[in-house]
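A.B. asks: Quick one: structure below, then a few questions.
Numbering (our numbering), first residue to last: 1 to 621.
This is the structure:
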């Protein structure tokens with residue numbers, strides 16, 4: 001869906017409740033306003049930033065990673081429920097823990113609640129549609145200039161965690177906007193149950209036009225009028241339409257076994273609706289708000305809050321594990337392992353189309369299938385990437401020709417490296433030696449290896465050198481595409497040794513020019529972590545270097561490694577890694593330097609505008 005980010009503003013203010021609810025050192029009280037939708041101060045929010053930002057240098061952040069995770073480009077949005085507010089229940093604890101894991105976390109008040117501006121139409125109240133507008137504002141904010149000005153970077157809305165009625169708003173919003181992770185905490189499935197609840201609470205609510213509810217507004221508990229239309233907007237929503245949510249979104253549902261508000265049948269309803277992309281967790285022995293009952297013996301030794309066992313701590317621990325990088329990577333793999341054509345819905349392909357056990361080729365996968373920001377799709381079945389394929393089995397070589405229709409291989413290694421490492425037989429192989437065939441100045445060489453060894457977050461330093469020294473061969477690769485040589489009957493493979501760094505840079509340029517967003521490009525790069533587990537030769541060669549890493553770093557190798565807090569074992573792990581953030585940081589640096597992928601192709605590779613558009617056409621459907 002097309003959005004307008006130019007009307008978003010952010011105002012950082014002093015916490016109006018500092019005496020009663022003080023903020024943590026890494027938190028800010030802000031108002032986010034969309035000039036199109038908001039008429040007052042906008043949405044009140046508390047932003048929790050990764051505590052690792054307190055360290056000024058990259059080296060300090062790496063050395064202290066055991067305490068605070070490296071800052072990510074990902075935002076987690078926390079949503080409250082009916083007549084609630086941003087600091088309710090488990091939200092402050094969850095925000096604190098997630099920020100220490102490197103996430104930016106935003107918890108907001110919907111309009112008409114907490115410290116946010118009033119509902120647009122008081123007679124209608126807080127409708128689901130108004131909630132969706134508020135969520136759209138946050139979605140636009142994370143990639144806006146306002147966000148870049150506030151945080152120094154654009155973010156990706158990676159996860160929404162919603163409670164109770166907030167779940168309905170979250171799912172309705174996600175019908176139009178892609179979010180990788182949606183977490184449903186005690187959301188209602190049968191929306192009409194809300195109408196029954198309102199009738200039990202106030203039998204005359206429809207005749208009276210609504211009812212009063214006590215809630216926190218501007219720091220004071222007060223009775224607030226809930227118009228009839230507000231309840232109807234949530235109580236008449238067709239939840240079956242949530243099935244329209246992007247198929248690449250993964251949903252986690254968390255319910256309590258003894259919830260007196262939401263029937264446990266809701267868990268089954270969402271499990272069935274999102275079959276194949278849904279995880280269910282049942283929290284024992286607590287109520288709708290994740291508090292224990294009076295007779296709870298606290299067998300799990302959870303903390304006590306307000307005189308009750310706080311199962312919110314149990315929930316927070318579970319969510320932290322669910323959102324750790326390894327589990328995030330596995331979910332991306334699961335949701336993208338099959339490529340479904342946007343043109344022919346019966347055309348379904350396996351991204352990992354040459355399993356290692358069959359082919360003896362590591363990290364072999366289709367580059368296509370990803371959806372662009374304009375709604376197109378990168379053509380599947382025309383380009384593949386992999387590690388060194390020189391030991392491919394005869395059956396794999398035959399399959400590559402007879403089923404994948406590969407007729408050319410681009411080898412990105414230096415000539416000597418390719419000769420020593422071996423070259424795939426029976427194919428036309430064109431050598432495109434990246435990094436100027438490794439003919440670098442001593443200063444470039446030292447900077448390159450420091451970028452690769454000291455931390456994966458330092459990869460952009462090395463990748464920038466590789467990119468600058470590879471422009472002629474990169475142009476040659478895209479000339480081949482421009483000439484119309486690549487299609488489903490004339491597919492290509494490109495590779496280096498691991499299919500990670502040089503291959504990753506070229507993969508970024510392909511996907512970036514096609515219009516794929518930075519988040520997806522970085523996740524695709526991270527897939528190499530799974531693809532390289534079978535590359536035993538490379539792993540043994542890298543890990544066997546030992547103290548040679550110090551020598552390669554230069555005359556002050558020991559001192560440099562000490563400043564970063566890394567040992568030879570850790571340097572080996574860094575070289576073999578392919579973290580999401582490494583690519584995301586490189587894309588940031590790339591866009592800062594070149595402006596856009598299109599400008600890079602125009603100004604650095606010297607293609608014309610017409611040629612760039614032709615390459616895009618060749619890459620997408």
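The C-beta atom is built at its ideal place from N, Cα and C for all residues, glycine as well.
Keeping to the same chain, check which residues put their C-beta closer than 6 Å to that of residue 223; ignore five residues upstream and five downstream.
C.D. replies: Only 212 and 214 meet the Cβ criterion.
A.B. asks: Give me whichever residues DSSP pairs with residue 220 in a beta bridge.
C.D. replies: Residue 220 pairs with 217.
A.B. asks: Pick helix, strand or coil for residue 120, following the three-state DSSP scheme.
C.D. replies: Here residue 120 sits in coil by DSSP.
A.B. asks: Could you tell me whether the stretch 533-549 touches the stretch 330-343, where touching means 3 or more Cβ pairs closer than 8 Å?
C.D. replies: Segments in contact, no.
A.B. asks: For residue 385, which of helix, strand or coil comes out of DSSP?
C.D. replies: Of the three classes helix, strand and coil, the one that applies to residue 385 here is strand, per DSSP.
A.B. asks: What are the residues that DSSP puts in a beta bridge with residue 225?
C.D. replies: Beta-bridge pairing links residue 225 to 212.
A.B. asks: Using the rule of at least 16 other Cβ atoms within 10 Å of the residue's Cβ for burial, across every protein chain shown, is residue 546 buried or exposed?
C.D. replies: Looking at its Cβ environment, which holds fewer than 16 other Cβ atoms inside 10 Å, residue 546 is exposed.
A.B. asks: Would you check if the stretch 177-197 and the stretch 249-265 touch, i.e. whether three or more CB-CB distances between them fall below 8 Å?
C.D. replies: These segments touch.
A.B. asks: Suppose you measure from the CA of residue 163 to the CA of residue 191; what does that come to, to the nearest Å?
C.D. replies: Cα-Cα distance, rounded: 15 Å.
A.B. asks: Using the Cα positions of residue 325 and residue 578, report the straight-line distance between them to the nearest angstrom.
C.D. replies: In a straight line, the C-alpha of residue 325 is about 12 Å away from that of residue 578.
A.B. asks: Please report the straight-line C-alpha distance between residue 140 and residue 153, rounded to a whole angstrom.
C.D. replies: Those two C-alpha atoms are separated by around 14 Å.
A.B. asks: Whole beta strand (DSSP E) runs in the stretch 356-400 with 3 or more residues, listed along the chain?
C.D. replies: The stretch 356-400 contains these whole beta strand (DSSP E) runs: 383-386.
A.B. asks: Just how far apart, CA to CA, sit residue 620 and residue 598?
C.D. replies: For residue 620 and residue 598, the distance between alpha carbons rounds to 15 Å.
A.B. asks: My guess is that residue 491 and residue 383 are in contact by the Cβ rule of under 8 Å, so how many angstroms apart are they, rounded?
C.D. replies: Sure, about 7 Å apart at Cβ, within 8 Å.
A.B. asks: Could I get the ranges of all uninterrupted alpha helix (DSSP H) runs contained in the stretch 447-530, with 4 residues as the minimum, in chain order?
C.D. replies: Fully enclosed alpha helix (DSSP H) runs of 4 or longer: 459-468, 471-482, 502-514 and 518-526.
A.B. asks: Would you check whether the ligand FMN has a heavy atom nearer than 6 Å to the C-beta of residue 349?
C.D. replies: Within the structure as shown, the ligand FMN is missing, as the structure has no ligands at all.
A.B. asks: Can the beta-carbon of residue 385 be found less than 7 Å from the beta-carbon of residue 459?
C.D. replies: Cβ distance not < 7 Å, so residue 385 and residue 459 don't count as in contact.
A.B. asks: Measure the C-alpha to C-alpha separation of residue 503 and residue 74 and round it to an integer number of angstroms.
C.D. replies: Each residue's Cα considered, the two are about 25 Å apart.
A.B. asks: Name the two residues that bound the continuous alpha helix (DSSP H) containing residue 331.
C.D. replies: Element bounds for residue 331: 325-336.
A.B. asks: Just tell me which of 482, 290 and 300 has its CA closest to the CA of residue 306.
C.D. replies: It is 290.
A.B. asks: What is the rounded straight-line gap between the Cα of residue 644 and the Cα of residue 408?
C.D. replies: Given a span of 1 to 621 for the chain in the structure shown, any question on residue 644 remains unanswerable.
A.B. asks: Looking only at C-alpha atoms, which of 565, 336, 168 and 369 sits nearest to residue 80?
C.D. replies: Nearest option by C-alpha distance: 168.
A.B. asks: Verify whether the separation of the beta carbon atoms of residue 499 and residue 387 is less than 7 Å.
C.D. replies: In contact: residue 499 and residue 387 (Cβ atoms closer than 7 Å).
A.B. asks: Does the pairing of the stretch 43-54 with the stretch 87-106 give three or more beta-carbon distances under 8 Å?
C.D. replies: Enough Cβ pairs lie closer than 8 Å, so yes.
A.B. asks: Among 572, 563 and 481, which one has its Cα closest to the Cα of residue 539?
C.D. replies: Taking only the C-alpha atoms, the option nearest residue 539 is 572.
A.B. asks: Going along the chain, which residues of its own chain have a beta-carbon closer than 7 Å to the beta-carbon of residue 405, five neighbours each way excluded?
C.D. replies: Within the same chain, residue 405 has close Cβ partners 488, 489, 490 and 491.
A.B. asks: Enumerated in chain order, which unbroken segments of the beta strand (DSSP E) with a length of 3 residues or greater are wholly contained in the stretch 274-304?
C.D. replies: With a minimum length of 3 residues, the continuous beta strand (DSSP E) runs that stay inside the stretch 274-304 are 278-283.
A.B. asks: Alpha carbon to alpha carbon, how far is residue 440 from residue 471?
C.D. replies: The predicted position of residue 440 is uncertain, since its pLDDT is 47 and thus under 50; a value taken from the coordinates is nonetheless stated next. For residue 440 and residue 471, the distance between alpha carbons rounds to 14 Å.
A.B. asks: Could you tell me how far apart the beta carbons of residue 136 and residue 519 are, in whole angstroms, since I believe they sit closer than 8 Å?
C.D. replies: So it is not a contact: roughly 18 Å between Cβ atoms.
A.B. asks: Given 8 Å as the limit, is there contact between the stretch 359-370 and the stretch 558-573, that is, 3 or more CB pairs closer than that?
C.D. replies: Taking 8 Å as the limit for Cβ pairs, the verdict is that the stretch 558-573 does not touch the stretch 359-370.
A.B. asks: Please report the residue range of the beta strand (DSSP E) in which residue 33 lies.
C.D. replies: Segment 27-34, the beta strand (DSSP E) holding residue 33.
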